[in-house]
Structure formats: structure tokens, C-alpha cells
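Chemist:
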């Protein structure tokens with residue numbers, strides 16, 4: 032018996048004028064940062080933090096995410112290739128089989144997570160904002176950003192699911208004619224639900240700075256382990272592995288999230304600025 036399927040083969044660009052093309056993935060990547068900026072700015076206003084810091088925070092977060100995600104892909108998923116083509120690891124081009132500007136083909140979410148945490152540590156030290164507070168606010172929008180990124184992956188017909196016989200299966204014509212799980216859509220919906228849940232929890236049950244950071248990474252990477260079972264492997268070396276690279280990399284994040292929630296659950300909420308800044312403001316008043 033045949034099943035209904037969704038034939039999926041959109042172009043990679045929303046607008047293509049020949050000399051300029053607005054690609055769907057670039058658009059969704061931009062929307063991820065725009066909406067994240069709006070949400071974090073509201074949080075800064077709520078806690079009385081100078082919103083002018085948002086511009087600097089955005090630069091730190093964007094650079095940390097992009098550099099970490101790119102290095103994560105290079106090191107975790109395709110090191111054999113990039114060790115032989117090091118310039119392609121840091122430049123948005125390929126030299127094989129001929130020179131072509133491609134953009135960065137390959138970004139790993141685990142690397143992006145590590146990169147953004149390191150960038151927040153640097154931001155915290157420079158601008159005297161407490162690190163745990165920053166981690167909470169940025170962690171809040173990570174699943175929101177993940178929603179847009181996975182929608183971009185869907186438009187690109189990448190990170191596809193395994194063959195499926197469900198009525199909502201997608202046929203990704205760029206790959207084959209096999210009905211598959213729309214794993215990108217599953218992830219986008221799950222991340223949006225995580226964002227909504229954590230946002231409501233933060234609003235109704237204020238906790239010590241850091242607790243919701245632990246919750247977010249725990250929820251995201253628990254789901255990441257589950258969804259990988261119905262996704263095709265991202266690299267050939269993962270074939271036959273009991274747990275693929277994405278699942279193995281998720282385990283430390285899950286354990287870290289659990290430990291942070293346990294340690295922070297009984298603490299009172301703290302002021303977001305470091306003590307020296309708070310004292311200086313009090314003296315000026």
C-alpha cells in the first residue's frame with residue numbers, strides 16, 4: 032500500500048537576482064540572531080542592565096558561535112579531510128576539484144555550544160557582568176536560535192532523517208526518492224517547545240543564576256540523543272557505531288546540565304552585575 036508523502040525540493044534561495052542571492056539558510060541564520068537579540072535585550076531591561084552592552088554581547092556571541100561551530104565540525108566530523116586542506120577549514124571556499132566560494136559548509140552545534148560559552152566568559156570578565164547570569168540569558172535563546180537553524184537545514188534538504196512509512200514523510204529529491212523522517216522539522220518544533228517552556232519557568236519561578244542554563248543544555252542534548260536514532264549519519268565513519276558522534280558529544284553536556292541544576296537549585300537569585308560595578312553605581316547615587 033502506498034502512503035502519502037511530501038515532495039520536498041525547494042530552491043536554496045528566496046531571492047536570486049544573478050548578482051545577488053538571498054539563501055534560505057542565511058536568512059534563517061540571521062533571524063536566529065535577530066530574535067535572540069530581542070529576547071535577551073528584554074531581559075537586560077528587566078534586570079536594569081545597560082542595553083548598550085547588547086551590541087558587544089552580540090559580537091561576542093556571534094563570533095563565538097560561528098568559530099566554535101566551524102572548528103567543531105572540522106575536529107569532530109571531518110578532520111581527515113581538513114587536515115589535508117587546512118585553508119578550507121578557516122576560509123569559506125573550496126579548492127577541490129577547483130576553486131569555488133561556497134560559504135562555510137559544515138557547522139557543528141556542539142562546537143558552537145563550547146564556542147559561545149568561551150565567548151561569554153571573556154565578555155563577563157571584560158564588562159563585569161556575572162557569568163552565571165549571562166549563561167542563563169543566552170541559554171534561554173539557544174533553543175529559539177536552534178529552531179531557525181533547523182528550518183534552514185530543512186530548506187537546504189540537509190541533516191535528513193532515516194526512511195519512514197509515516198504519512199508526513201518527506202521525499203528529499205536532492206538526495207533520493209525515499210520517504211524519510213523530516214528530522215529537521217522535528218528538531219525545530221522540539222527546540223521551540225523547549226524555549227517556550229524555559230521562558231515560562233524563568234518568568235514564574237525565578238532561580239539562582241545558572242540553574243536555567245543547566246536546564247536548557249540538559250533538555251536540548253537529551254532530545255539530541257533521541258533524535259539521532261532517526262537521522263542519517265553525518266559522516267561515513269559513524270556507520271555501525273552504537274552511538275554516533277552527535278550522541279557521544281551530547282553526553283558530557285547532559286551530565287554538566289544535571290550537575291549545574293543540582294548545585295544551583297537551592298541558591299537565591301543574585302544581582303547580575305559584579306560587586307565592583309554595583310558598589311560604583313551605589314556611590315554615584
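In my numbering, the protein residues as written are 32 to 316. Using N, Cα and C, we set each Cβ at its ideal position, and we do this for glycine too.
Sort 36, 47, 58, 48 by Cα distance to residue 186 and report the nearest one.
Modeler: 58
Chemist: Could you give the first and the last residue of the continuous beta strand (DSSP E) run that contains residue 39?
Modeler: Per DSSP, residue 39 belongs to the beta strand (DSSP E) from 37-39.
Chemist: So, with DSSP's three-state summary, where would you put residue 110?
Modeler: helix
Chemist: Please give the ranges of any alpha helix (DSSP H) in the segment 155-240, keeping only runs that are unbroken, at least 4 residues long and fully inside the region.
Modeler: 162-186, 214-235
Chemist: Which residues in the same chain have their Cβ closer than 8 Å to the Cβ of residue 204, if we skip the five residues on either side of it in sequence?
Modeler: 38, 39, 40, 188
Chemist: DSSP three-state call for residue 312: helix, strand or coil?
Modeler: Confidence at residue 312 is low in this model, with a pLDDT of 49, below 50, so the placement of that residue should be treated as unreliable; the coordinate-derived value is given next. Reduced to three states, the DSSP call for residue 312 is helix.
Chemist: State the Cα-Cα distance for the pair residue 265 and residue 230, rounded to the nearest angstrom.
Modeler: 31 Å
Chemist: Within the continuous alpha helix (DSSP H) that includes residue 266, where are the two ends?
Modeler: Here residue 266 belongs to no alpha helix (DSSP H), and DSSP marks it neither H nor E.
Chemist: Quick check: residue 139 and residue 103, are their CB atoms within less than 7 Å of each other?
Modeler: yes
Chemist: If we ignore side chains and look at the alpha-carbon of each, how far apart do residue 281 and residue 256 end up?
Modeler: 7 Å
Chemist: Among all the DSSP beta bridges, which residues are the ones paired with residue 304?
Modeler: 160
Chemist: Measure the beta-carbon distance from residue 100 to residue 179 and round it to whole angstroms, keeping in mind my assumption that it falls under 8 Å.
Modeler: Not confirmed; about 14 Å, so no contact.
Chemist: Can you tell me whether residue 115 is buried or exposed? The criterion is at least 16 other CB atoms within 10 Å of its CB, across all chains shown.
Modeler: exposed
Chemist: Excluding five sequence neighbours on each side, which residues of the same chain lie with their C-beta closer than 6 Å to the C-beta of residue 288?
Modeler: Cβ-Cβ distances below 6 Å link residue 288 to 245, 248, 249 in the same chain, with the five nearest sequence neighbours on each side left out; the list follows chain order.
Chemist: Please state whether DSSP places residue 48 in a helix, a strand or coil.
Modeler: coil
Chemist: Using beta-carbon positions only, say whether residue 283 and residue 161 come within less than 7 Å of one another.
Modeler: no
Chemist: If you compare alpha carbons, which of 291, 196, 68 is closest to residue 261?
Modeler: Selected option, being the one with the closest Cα: 196.
Chemist: Do the segment 142-154 and the segment 162-178 make contact, defined as three or more Cβ pairs closer than 8 Å?
Modeler: yes
Chemist: If you compare alpha carbons, which of 241, 210, 55 is closest to residue 298?
Modeler: 241
Chemist: Report yes or no: do three or more beta-carbon pairs, one from the segment 211-231 and one from the segment 41-48, lie closer than 8 Å?
Modeler: no
Chemist: Would residue 82 and residue 75 be called neighbours here (beta carbons separated by less than 7 Å)?
Modeler: Taking 7 Å as the cut-off, the Cβ atoms of residue 82 and residue 75 count as close.
Chemist: So what does residue 54 bridge to, in DSSP terms?
Modeler: 44
Chemist: Taking the C-alpha atoms as reference points, what is the distance between residue 170 and residue 243?
Modeler: 7 Å
Chemist: Buried or exposed: which applies to residue 73, given that a residue is buried once 16 or more other Cβ atoms fall within 10 Å of its Cβ?
Modeler: Answer is exposed; the Cβ neighbour count stays below 16.
Chemist: Looking only at its chain, what residues have a beta carbon closer than 7 Å to the beta carbon of residue 254, apart from the 5 residues adjacent to it on each side?
Modeler: Closer than 7 Å at the Cβ level, and outside the excluded window around residue 254, lie 221.
Chemist: With a threshold of 16 other CB atoms inside 10 Å of the CB of residue 67, please say whether the residue is buried or exposed.
Modeler: With 16 or more other Cβ atoms within 10 Å, it is buried.
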